[in-house]
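Worksheet: the structure to be examined is printed underneath.
Protein chains in written order, with our numbering: chain L, -10 to 192; chain C, 340 to 909.
Here it is, written out as structure tokens:
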């Protein structure tokens, strides 16, 4: 039957300290380091951040969005990230993820979307009443969203084709070639990785 | 398209709930196994633990408090000394301030993981691994141990014996968390989560700009972050960051991880107290609340923000886009996966986020907030079940008052002493939240930290105090909590929310009930293992929670909802 312990409080202090030190070593050092070693053996590309190299130079990560402003490139979603350690805007700063955190009734949100809608229509030569895909005019959660929706890519296709003197059909084909479907056919959303699409355009 | 979303939800929910019986059985095995493994025996000998010792509720509580205290002191030190500790390849400096270190140490020791800092710009790899990752294991194991101790107390007949805290802690980590997390970490790396000690990568983008890409030992943290319902992100933006959550598959795994252990605990509970139906009734109550809140969030987010349609944005769902309220959301998850994540993270008190909760629609934010205010939709490791048992005691007490009999639960009389303790636990939660919000409203300059005006700003405050008190840790991220006032007050809120509501009073209740002999069932006994009782319990939760928090909710998300519907912005 149960042994009722009557030892003083200080007898609990010893295991409190020894378990703390042991689990720091086990869960805080051995486990992450062992995971690092195994991960880098089995999946070295992903473990290092899925970096893309072109002519021996790192040009980005497959998973992290980057900023594009030139007409000949597809543009990513608006990004609210700022300079590391500052408040000045620096879109797609992958060392300082961040969002606007604007609530749905905040005028700053409404004005920002309004401005983005106008700019998007102008830059893509769209009529003044064309509805603009919501992902093209709202900030992502991370500020580093690598993807855009198919609707968004389709509306940018003719601008990109014009800037590159290519037929729109060719650009459209690249869009469909670079569309990622739902994972395993049902998970998540169909989407287009902007960096990969732009790399395909440059080829 | 609608069908696809439905399919997705159904599949995730089925897989999530298919864990209940196997994991529930495995938990029983872990915590009732008479024999220790070889590794465990050596561990006990080496650490000076007597595994034969059986603890009273008093001693079990002392062990939890002392163990937590040691961790808080150690990690306060590692945070403050970050500048001179190793594994800081990006030379992140300066070390956290005293208030931030206080808040962070308490937050992670209690499984809350509220973060008043951005991970990639504040913490070295040393603290991300040695402090954060380690505490995610020990804090979730501590919560689970407390839950199991309460179950043990309820299953005793006349003996004040809740088990041995050190044994429970060790077994939870050895037999449950470490093996699952190691495998899951590798799955995450396969999908693209980094796991490296190298400094940030420097890239030259296609347009010629320089991009610094922060990375680190992320995967090993990510798996325990979700499995342990911890929720503190490696990166500032948590599970919305492509390196923490790169694909829809990782998002689904993160959702399932949160709901792997907590629902299974109801089965463990039912079996260990020899009232399996009682366990299923509890599971049913949890699930009803969960589905109810999901049914609020998903349509609200899919319908979107009418003010944005007015300025020309297209939020309709089609084959070409997921549409909906998309500010602060990621394309790869879309509305459906995001809504399920929001529901799960505020239910299981994980507090990780794959979208910005501050930018949810008013009703989406209302549901997320309400889950934390009730704090009983599955809830955190062990603590959720403890809270539900607390509500069950309230329910039998209320019903007992109505019919004029001594209330009983699991064949134990619930008497004045237990009711007082339960009331203490029940009241500490709203007391901490509402006093905290009140204090912030009158404290000089505290409102400067708000990111949004009007009703939404009030919701930011309410959400912060609800989140820390429920030990959730998710945030309406616009609120700048890294000020001496918020670091201190939110830190105290975390402590009250963890220890006063519900852990310590409920351990005491379990101890008192353990000592009582079982009373035989009579015709006058109200049985608590019926659907009828489940409905009563659900009603008690909603009425008690509703009465307590309705005024605050009316000032925040509810008034914002009507403002939005009438087209107002601020």
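Every residue, glycine too, gets a C-beta built ideally from N, C-alpha and C.
Excluding five sequence neighbours on each side, which residues of the same chain lie with their C-beta closer than 7 Å to the C-beta of residue 823 of chain C?
-> Reading the second chain from its first residue, position 484 is the one you call residue 823 of chain C. So the list reads 438, once near-sequence residues are dropped.
Nearest-angstrom beta carbon gap, residue 590 of chain C and residue 693 of chain C [assumed within contact, 8 Å] = Locating residue 693 of chain C in the second chain gives position 354, where the first residue counts as 1. Locating residue 590 of chain C in the second chain gives position 251, where the first residue counts as 1. Right, the Cβ-Cβ distance comes to about 6 Å (below 8 Å), so this counts as a contact.
Can you say whether residue 381 of chain C is buried or exposed, counting buried as having 16 or more other CB atoms within 10 angstroms of its CB?
-> Translated into positions along the second chain, residue 381 of chain C becomes position 42. Per the 10 Å Cβ criterion, exposed.
Determine the direct distance from the alpha carbon of residue 111 of chain L to that of residue 691 of chain C, and round the result to whole angstroms.
-> If you number the second chain from 1, residue 691 of chain C lands on position 352. If you number the first chain from 1, residue 111 of chain L lands on position 122. Taking the straight line joining both Cα atoms gives about 38 Å.
Sequence-distant residues of the same chain with beta carbon closer than 7 Å to residue 716 of chain C, five excluded per side | As a first step, residue 716 of chain C must be located in the second chain, where it is residue number 377. Cβ within range, chain order: 625, 628, 629, 632, 686, 710.
How big is the Cα-Cα spacing for residue 370 of chain C and residue 450 of chain C?
-> Within the second chain, residue 370 of chain C is the residue found at index 31, counting from 1. Within the second chain, residue 450 of chain C is the residue found at index 111, counting from 1. Going by the C-alpha atoms only, they are around 21 Å apart.
Nearest-angstrom Cα separation, counted from residue 508 of chain C out to residue 404 of chain C | In the second chain, counting from the first residue as 1, residue 404 of chain C sits at position 65. In the second chain, counting from the first residue as 1, residue 508 of chain C sits at position 169. If I take the Cα positions, the gap works out to 13 Å.
Any beta-carbon of chain C closer than 8 Å to the one on residue 180 of chain L?
-> Start at 1 with the first residue of the first chain, and residue 180 of chain L comes out as number 191. For residue 180 of chain L, the answer is yes, since a Cβ of chain C falls inside 8 Å of its Cβ.
State buried or exposed for residue 93 of chain L, treating a residue as buried only when at least 16 other CB atoms are found within 10 Å of its CB.
-> Along the first chain, one-based indexing puts residue 93 of chain L at 104. With 16 or more Cβ atoms within 10 Å of its Cβ, residue 93 of chain L is classed as buried.
Examine the Cβ distances between the stretch 635 to 646 of chain C and the stretch 161 to 168 of chain L and report whether three or more of them are shorter than 8 Å.
-> no
Bounding residues of the alpha helix (DSSP H) (the contiguous stretch that carries residue 617 of chain C) | By one-based count along the second chain, residue 617 of chain C stands at place 278. Element bounds for residue 617 of chain C: 615 to 642.
Listing by chain order, which chain C residues have their CB less than 7 Å from the CB of residue 32 of chain L?
-> Taking the first chain and counting its residues from 1, one reaches residue 32 of chain L at position 43. Per Cβ cutoff of 7 Å: 528, 529.
Exposure of residue 741 of chain C, with buried meaning 16 or more beta-carbon neighbours within 10 Å | Start at 1 with the first residue of the second chain, and residue 741 of chain C comes out as number 402. Its Cβ having fewer than 16 others within 10 Å, residue 741 of chain C is exposed.
Nearest to residue 9 of chain L by CA position, among C/871, C/356, C/411, is which residue?
-> Mapped onto the first chain, residue 9 of chain L falls at position 20. When each option's Cα is compared against that of residue 9 of chain L, the closest is C/411.
Please go through the same chain and pick out, in chain order, the residues whose beta-carbon is closer than 6 Å to the beta-carbon of residue 151 of chain L, but skip the five residues on each side of it.
-> What you label residue 151 of chain L is simply residue 162 of the first chain in a count that begins at 1. Closer than 6 Å at Cβ, skipping near neighbours: no residue.
Given residue 30 of chain L, which residues of its chain have a CB within under 8 Å of its CB, disregarding the five upstream and five downstream residues?
-> To locate residue 30 of chain L, count along the first chain from 1; it is residue 41. None.
Between the C-alpha atoms of residue 54 of chain L and residue 81 of chain L, what's the straight-line distance to the nearest angstrom?
-> Taking the first residue of the first chain as 1, we reach residue 54 of chain L at position 65. Taking the first residue of the first chain as 1, we reach residue 81 of chain L at position 92. If I take the Cα positions, the gap works out to 7 Å.
Would the stretch 447 to 465 of chain C and the stretch 34 to 54 of chain L be scored as touching if the rule is three or more Cβ pairs under 8 Å?
-> no
Where residue 590 of chain C falls: helix, strand or coil (DSSP) | As a position in the second chain, residue 590 of chain C is number 251, starting the count at 1. In this structure, residue 590 of chain C counts as helix in the three-state DSSP scheme.
Where residue 93 of chain L meets chain B, residues with beta-carbon distance less than 8 Å | Although the question refers to chain B, the structure presented lacks it and instead comprises the protein chains L and C.
Reduced DSSP secondary structure (H/G/I, E/B, other) of residue 182 of chain L | Indexing the first chain from 1 puts residue 182 of chain L at position 193. Of the three classes helix, strand and coil, the one that applies to residue 182 of chain L here is strand, per DSSP.
Residue-chain proximity (residue 855 of chain C, chain L), Cβ-Cβ < 8 Å | By 1-based counting over the second chain, the position of residue 855 of chain C is 516. No, residue 855 of chain C lies away from the interface with chain L (no Cβ there is under 8 Å from its Cβ).
Could you give the DSSP three-state label for residue 37 of chain L: helix, strand or coil?
-> Here residue 37 of chain L refers to the residue found at position 48 of the first chain. In the structure shown, residue 37 of chain L sits in coil (DSSP, three-state: anything other than H, G, I, E or B).
Find the residues of chain L that neighbour residue 574 of chain C, judging by a C-beta separation of less than 7 Å, and give them in chain order.
-> Walking along the second chain from the start, residue 574 of chain C turns up at place 235. In chain order: 86.
Three-state secondary structure (DSSP) at residue 885 of chain C?
-> Position 546 of the second chain holds residue 885 of chain C. Here residue 885 of chain C sits in helix by DSSP.
What's the C-alpha gap between residue 425 of chain C and residue 177 of chain L?
-> Along the second chain, read from residue 1 onward, the residue named residue 425 of chain C stands at position 86. Along the first chain, read from residue 1 onward, the residue named residue 177 of chain L stands at position 188. Near 39 Å, if we compare the C-alpha coordinates of residue 177 of chain L and residue 425 of chain C.
Euclidean distance between Cα positions of residue 465 of chain C and residue 366 of chain C | The count along the second chain starts at 1 and reaches residue 465 of chain C at position 126. The count along the second chain starts at 1 and reaches residue 366 of chain C at position 27. In a straight line, the C-alpha of residue 465 of chain C is about 32 Å away from that of residue 366 of chain C.
Quick one: residues in its chain with C-beta nearer than 6 Å to the C-beta of residue 440 of chain C, no 5 flanking neighbours on either side, listed in chain order?
-> Within the second chain, numbered from 1, the residue matching residue 440 of chain C stands at position 101. Hits under 6 Å: 415, 418, 419.
Residue of C/908, C/663, C/495, C/344 minimising C-alpha distance to residue 614 of chain C = Working through the second chain from its first residue, we reach residue 614 of chain C at position 275. Taking only the C-alpha atoms, the option nearest residue 614 of chain C is C/495.
Measure the CB-CB distance between residue 605 of chain C and residue 724 of chain C and report whether it falls below 8 Å.
-> Sequence index remark: in the second chain, residue 605 of chain C carries index 266 (1-based). Sequence index remark: in the second chain, residue 724 of chain C carries index 385 (1-based). Yes.
Please determine if the stretch 856 to 871 of chain C and the stretch 780 to 800 of chain C are in contact, where contact requires at least 3 C-beta pairs separated by less than 8 Å.
-> no
If we count the other Cβ atoms within 10 Å of its Cβ and call it buried at 16 or more, is residue 159 of chain L buried or exposed?
-> Residue numbering aside, residue 159 of chain L sits at position 170 when the first chain is read from its first letter. With fewer than 16 other Cβ atoms within 10 Å, it is exposed.
If we call anything under 8 Å between Cβ atoms a contact, is residue 909 of chain C one with residue 95 of chain L?
-> The count along the second chain starts at 1 and reaches residue 909 of chain C at position 570. The count along the first chain starts at 1 and reaches residue 95 of chain L at position 106. Yes; because the gap between Cβ atoms is below 8 Å, this pair is in contact.
DSSP-derived helix/strand/coil call for residue 364 of chain C = By 1-based counting over the second chain, the position of residue 364 of chain C is 25. The answer is helix: DSSP assigns residue 364 of chain C an H, G or I state.
Whole angstroms is fine: what's the gap from residue 803 of chain C's alpha carbon to residue 356 of chain C's?
-> Position 464 of the second chain holds residue 803 of chain C. Position 17 of the second chain holds residue 356 of chain C. When rounded, the distance between both Cα atoms is 30 Å.
Is there contact between the stretch 818 to 836 of chain C and the stretch 786 to 805 of chain C, where contact requires at least three CB pairs shorter than 8 Å?
-> yes
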